[in-house]
Each structure stands twice: as structure tokens, then as C-alpha cells.
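End of the sequence shown = 566 in my numbering, gap-free, step of one. Using N, Cα and C, we set each Cβ at its ideal position, and we do this for glycine too. What follows is a single structure, written as C-alpha cells, with notes after it.
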Amino acid sequence: MARPHPDAPLVTTVSDELIEGLRHLGARFAFGVAGGALVPFYGALMRSSLEVVHCRHESGAVYAAIEASLLADAPAIVFTTTGPGLTNAITGVVTARWEGAKILLVSGATGGELRGRFALQESNTRMLPGDLYEPSTLFDDAVALEHEAELPHVMRTLARGFASRRGFVAHVAMPLALQAKQAPRVPLTVPAADVAANEATVTRVLECLREPFALWVGHGARHAAVEVRELVARTGAPVISTPRGKGIVSEDDAHYLGVSGAFGSDPDLAERLKASHVHRTLVLGSRLGEFSTAFLQGLIPSRGLIHVDLDPDVPGSAFPQAETLAVQAEIGVFLRALLARMDARPRRVFPVPRSRPPRLDPRETPARVRPQYLMQCLQERVIEGSSGVLLAEAGNAFAWTTRYLRFASPHRYRQSGLFCPMGHISAGAIGAALATRKRAVAVVGDGALLMQNEINTAAKLGADVTWIVLNDARYGMVDQGLRALGHSRPEVDFPEVDFAMLARSLGVEGARVRGEMQAFEALDQAMRARGPFVLDVPIDLDEPAPFGDRLRSIDHQTQGSSSA
């Protein structure tokens, strides 16, 4: 970033100082769509050392920022103009909070001299919901800045929020005049934010773990994979992962029972857990919500759970009837304290067999591709044959990838889980590619890609993104789900799109797979490409996606509501 000469007065604009503060806190990227109400801030971004990505839609910008934040383990900036620029970003903002990302949204605001005069896209607390401008269910922190003297307090709030292992999503709105106004430098220090369990709690957990126990690991434990694996090695505890926790413990490990969840979970997982004869489960890094558990009671051992989370409101929420020992702590800090007091001698191991999916031979006829066969190709070429990150879009994409793909290490798999907006991964893959400097492979449904994508943005950037499109000319999960629940004509199909042609129209290379005999070769072409590539894969409509636990959950809720 261009900075004044050391002998010059220590002043800078509010925009410069905000951006420099975020850079000091670890930010590397800014994603957004500029507009007239953001000109000074956008100019400061372009002068800075951040990598600035101008997207095609504000929601796509937030999705890209989420993936960049999570994979870089750092805050990312999103910028929008007033009015619809700001409101277009809201679904992404909610998703960021669910995903645990660290995001600062900076928006333009209508100045006080124009307030109430119907200025173009007027945006302030008078014309838009107040939740946009104050801490709420939308934002961990939000402020409509009116004076440069407020900046030091804002920066310290951001420093505290972004230092936590928990996600933090904030909003700063500024009128044009303030964006360009001079402001004093704000010296920043990054605070320590580790939360440790007290000695009495660690002692109690150790006593509980003298009995046979299992581990249940989720996305929040990804930064403590070394400690998690050490705990498994010392105790021989069987392991379950949530879909977003895949790879924290290798899925080829003898202790690994399988993946839980409403979409693509391992069949008979509850039976394998029961056969392990555990009394408790130690939960690390998961809220245990419906996406991760389908609320299956069979996954809760007889003596309940030990649930470690930074948020004290999480333990006991998803399974309120289960006995739960709550531990508020950062997972890595907690595990290191636990391991320091644990017997170093490995306990006896009780491996529980987990079967591999059967290996499929390609069908020789030029027909639509079975998703299971496509997953087999992805396992060989992407997971085992590259170092890239694979991302799965909401819908059948994350059901197929959850069930059939296996990961040996963390940070290789991302899902659009929890809030599940369609288009999250279609756009977010750009952020993943930029943050990792590796190829990001996004497995997406055709409906999601039509709903939201940033393919043209990737074309401008030359980003190393491969989109694998599961093309079934319908909202596949909705179609299969409604049919399974008794609706014979869901009417959720649409005219089939040739995504290779669409990709070329957006400035990106593309190809269409015409049968399983071409699938691996086409995937290899997509992975060897320079820059973005779209691989259109018409999939077999007769192959139902593995999301039976979600259907059981819907049926259970329906029966419950009808009998209430």
C-alpha cells in the first residue's frame, strides 16, 4: 500500500486507515461491487496491497470472501454500495455467520444532509432495517460511522473479534465525505483470544474418559487436527466426523467409523458406534445440528456427551435430552491441556470395519454418467492426484461427495453446509482458489450454477477453478425428495443447459462429457487447464442421491406437526 513518507504528518484517510488496519489483522483479499456511494473507499482499496476482486454480484462477493477467509484463516473484506448493493449481500452475510467466517462488510451510506430527502438508493437507519447498522442476528458488530473520532474504537472492536477462533462478521457503513476525510493513525495490537478450560474441568473430563468413549469431530476442530490425531493414537477411540469435518482424522484410519449427517452419511453408522461399546462421546468443533447429525438419537451413547465449544450456548442445544458435560474452551488449547495429563501409553485399539464403496467399471455406451462413477474419478484425479481443494455445493452435490469421497487430511474439503444457500460454492470457489493458490474444484448442481456464479469474474482473474456440473436439468435434490415423499409430479425440471457453451460465452474454457468412457479423460483435461474450466456432466437420472436421513427427518417433523 502506498504510505506517506516517514517524515510526513501521521495522517491518512478514514478509508486508508480502515483498510490498513484490516491488512495488519491478516486480511489479504477484498471482494465486492463498487458504486458511486463508495468511490473514496474503492480508491483506497486500489491503492492498497490487498488483492481486490470486482465481482458480478454482491452475494457472489460474500461467498468468495467466506471461502477465502476460512481457507486462509484470516479476515476478508467485502465492499458494496448503498441500497440494493448492501441488501444483495445479506444472504451471504447470514451464511458467513453460520459458517464461522471472518468478514468485514464495508458499505456506502447516505450522509445526514440528505437523510429523508429520497436520495438515490438512500441507505441509513431511517430507510433500511436497523439490524443492518447495529449488533444483531445479522452482524456480530455493526456501526454507521459519522465521525473520524469513532475509528479507533471500531478498529479495536474488529481486532478483538477477528482474533477469536470463532467467526466474526461486522459491518461498517460510511458516507462519502467521511470515507475521504483525514483521520489519525490507529496503532493496533492483535489481542490473545485463547479460551482455556480450568483445571477442575480438565480433571473431570479425564475421569469421564477413563471409560470407553468416541470422538465426534466437526469443522471447528480443523486447526487442531494434530492434537485430535494424537488423542486417537493414545486412546484408540473410534471417530465419527461431520461432513465438514472430513479429513481431520484420515478416513482410512482404522479408528474411523464414518461420516454423520442428513446428507450422504455412512449407512449403519449408529450400529457401528453401538458395536464399539462406548459410554460417552467427546464432541469437538460441531454444533451437532441437523445437517451434521440428522438428529439421530442412535448416535448418542448411554452416558451422553462431553461437548467442547467456544460458544457456551452450543452444548446441549441440538440434543437437549442427552446428558451433556459442557466445556467452554478453544479446542486446540483444551486438547493440549488434556494430552499433557493423559497417559502416553496407547490403549488397546478396537477397530470397527468400514466398507469402501464398490469399484465401478465405466459403462461403454455413450449415456449419462452415474454420479457414483463420477465420484470415483474425482477421488482418483482430484483427491489423490492433486493437492487442490474440493468444494461441494448445496443439493445433491454434497450428498454424493459426502458419501463417496474420502479425505486423509484437513483443509481439502469444503461444503455449503448449515445455511445452505444455492450458489455459495459456485461463487465461493474463486475465494478458495485465491486463498490457497491451488486449483479449487467445485462440484455443483446445474440449478445452483444457474442461480449464482462468478464464472465471468474467474475469467477476468484467470483463477484456477474447475466447476464440475451435475447436469440433470432440474433441482435434483428437490425432485428426488418430493418423489420419495409421495409427490409424483414435482414440476421442478427446466430446459437442459449446455454448460460448456455457457462457459465459453462467459470467457471460460469448457467441455461436455458424453458417457463414462470419456469421464476421467475430460476430468484430467479440466484439471490440467490454465485458469478456469467448466466440465458439464449429464448425470443418470435413475440414480437417487444418498440423503435418506434428511427424508426421515422431514417425515418425522411432518408427523410431529400433524399430531401436535
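By the 10 Å Cβ neighbour count, where 16 or more other Cβ atoms means buried, how is residue i classified, buried or exposed?
| i | result |
| --- | --- |
| proline 8 | Reliability of the predicted coordinates at proline 8 is poor, the pLDDT of 44 falling under 50, and the value obtained from them is presented with this limitation in mind. Classification of proline 8: exposed, given that the 10 Å Cβ count is below 16. |
| leucine 134 | buried |
| glutamine 184 | exposed |
| serine 61 | buried |
| asparagine 200 | exposed |
| histidine 173 | buried |
| methionine 48 | exposed |
| threonine 15 | buried |
| serine 507 | exposed |
| methionine 157 | buried |
| methionine 503 | exposed |
| histidine 155 | exposed |
| threonine 139 | exposed |
| arginine 282 | buried |
| glutamate 203 | Just to set this straight, residue 203 is threonine in the shown sequence, not glutamate. With 16 or more Cβ atoms within 10 Å of its Cβ, threonine 203 is classed as buried. |
| histidine 257 | buried |
| arginine 532 | exposed |
| valine 251 | buried |
| aspartate 544 | exposed |
| glycine 192 | Reading off the sequence shown, one finds valine at residue 192, where the question assumed glycine. Label assigned to valine 192: exposed. |
| glutamate 568 | The structure shown has nothing for residue 568, since the chain only spans 3 to 566. |
| arginine 224 | buried |
| aspartate 18 | buried |
| threonine 83 | buried |
| alanine 78 | buried |
| glycine 85 | buried |
| serine 278 | buried |
| aspartate 254 | exposed |
| alanine 74 | buried |
Please look up how many angstroms separate the CB atoms of residue i and residue j, rounded, as I've assumed it's under 8 Å.
| i | j | result |
| --- | --- | --- |
| glutamate 101 | glycine 169 | 7 Å |
| valine 329 | valine 310 | 4 Å |
| alanine 475 | aspartate 495 | 6 Å |
| alanine 67 | phenylalanine 43 | Going by Cβ atoms, the distance from alanine 67 to phenylalanine 43 rounds to 16 Å, so no, they are not a contact pair. |
| isoleucine 308 | alanine 226 | Not really, about 15 Å apart at Cβ, beyond 8 Å. |
| proline 359 | tyrosine 415 | Actually they are not in contact, since the Cβ atoms of proline 359 and tyrosine 415 sit about 17 Å apart, beyond 8 Å. |
| valine 108 | phenylalanine 81 | 5 Å |
| alanine 98 | valine 64 | 6 Å |
| alanine 103 | serine 71 | 4 Å |
| valine 335 | valine 197 | 7 Å |
| glycine 390 | valine 443 | 6 Å |
| arginine 338 | glutamate 209 | That pair is no contact at about 19 Å. |
| alanine 431 | glutamate 69 | 7 Å |
| leucine 362 | tyrosine 375 | 5 Å |
| asparagine 126 | alanine 111 | 6 Å |
| proline 423 | tryptophan 402 | Contact doesn't hold; Cβ gap of about 19 Å is too wide. |
| alanine 521 | cysteine 379 | 5 Å |
| serine 319 | threonine 244 | Not quite, the Cβ-Cβ distance comes to about 15 Å (not below 8 Å), so this is no contact. |
Return yes when at least one heavy atom of the ligand PLP lies under 8 Å from the C-beta of residue i, else no.
| i | result |
| --- | --- |
| threonine 89 | This structure simply doesn't include the ligand PLP, nor any ligand for that matter. |
Who does residue i pair with in a DSSP beta bridge?
| i | result |
| --- | --- |
| tyrosine 375 | None; tyrosine 375 has no bridge partner. |
| leucine 52 | None; leucine 52 has no bridge partner. |
| valine 539 | Leu472 |
| phenylalanine 336 | Phenylalanine 336 pairs with nothing; no bridge assigned. |
| isoleucine 79 | Ala32 and Leu106 |
| alanine 444 | Leu393 and Trp469 |
| threonine 568 | No answer is possible for residue 568: the residues shown for the chain start at 3 and end at 566. |
| arginine 514 | Asp538 |
| histidine 173 | Leu107 and Ala144 |
| said: If contact is defined by three or more beta carbon pairs under 8 Å, each pair taking one atom from either stretch, is the region 219-233 in contact with the region 278-295? | reply: yes
| request: Can you check the region 264-298 for any beta strand (DSSP E) of at least 3 residues that lies completely inside it and give the ranges in chain order? | output: 282-286
| Where in the region 398-436 do unbroken runs of the alpha helix (DSSP H), each at least 4 residues long, occur, reported from the N-terminal end onward? | 398-406
| said: Within 8 Å, do at least three Cβ pairs link the region 393-405 to the region 424-432? | reply: yes
| What alpha helix (DSSP H) runs, 4 residues minimum, are completely inside the region 480-511? | 501-507
| message | Check whether the region 408-425 and the region 34-54 are in contact - that is, three or more C-beta pairs closer than 8 Å. | response | no
| task | Take every Cβ of the region 436-451, pair it with every Cβ of the region 459-479, and state whether three or more of those distances are shorter than 8 Å. | result | yes
| query | Between the region 230-237 and the region 355-375, do three or more beta carbon pairs fall short of 8 Å? | reply | no
| Should the region 540-551 be regarded as contacting the region 261-268, the criterion being three or more beta carbon pairs within less than 8 Å? | yes
| Is it true that the region 508-517 meets the region 530-541, where meeting means three or more beta-carbon pairs spaced less than 8 Å apart? | yes
| request: Starting from the N-terminal side, write out each stretch of the alpha helix (DSSP H) that is 4 residues or longer and does not extend beyond the region 188-267. | output: 201-210 and 227-237
| query | Okay, do the region 485-494 and the region 465-475 touch, 3+ Cβ pairs below 8 Å being the bar? | reply | no
| request: Go through the region 91-116 residue by residue and report every complete run of the alpha helix (DSSP H) that reaches 4 residues or more, in order. | output: 92-101
| query | Counting pairs of beta carbons, one from the region 141-153 and one from the region 179-196, are three or more of them closer than 8 Å? | reply | yes
| task | Can you check the region 294-328 for any beta strand (DSSP E) of at least 3 residues that lies completely inside it and give the ranges in chain order? | result | 307-311
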